[in-house]
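According to the working numbering, the sequence shown is numbered sequentially starting from 678. Glycine is no exception: its CB is placed at the ideal position from the N, C-alpha and C atoms. Each remark here refers to the structure printed beneath this line.
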Amino acid sequence: SDVDLLAIVADASQPFERRALDWDLSGLPVPADLLIYTEREWQRMLDDRGAFVRMLAREAVWVYVRD
Numbered sequence: 678s679d680v681d682l683l684a685i686v687a688d689a690s691q692p693f694e695r696r697a698l699d700w701d702l703s704g705l706p707v708p709a710d711l712l713i714y715t716e717r718e719w720q721r722m723l724d725d726r727g728a729f730v731r732m733l734a735r736e737a738v739w740v741y742v743r744d
């Protein structure tokens with residue numbers, strides 16, 4: 678089993694494919710994949726209502742939300 682982690686950041690200087698490379702997730706008790714989206718990218722995905730966002734709406738457990 679593994680866990681997928683989603684982070685939404687204000688802005689990013691690296692392309693999507695490289696953003697998670699700076700994070701060491703080896704200390705987690707299960708394998709993990711980290712997906713880091715900018716706020717703009719995330720909003721675009723929400724607006725498009727693609728399959729990935731629909732799946733997140735059903736299955737995500739948000740552990741931290743900044744107001």
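Euclidean distance between Cα positions of residue i and residue j
i      : j      : result
Ile713 : Val738 : 16 Å
Arg717 : Asp710 : 21 Å
Val730 : Trp719 : 9 Å
Asp725 : Ala734 : 13 Å
Asp701 : Val686 : 17 Å
Ser703 : Val740 : 19 Å
Asp699 : Met722 : 24 Å
Rounded Cβ spacing between residue i and residue j (contact assumed at less than 8 Å)
i      : j      : result
Asp679 : Val707 : 6 Å
Within 7 Å, strictly: CB atoms of residue i and residue j
i      : j      : result
Thr715 : Ala697 : no
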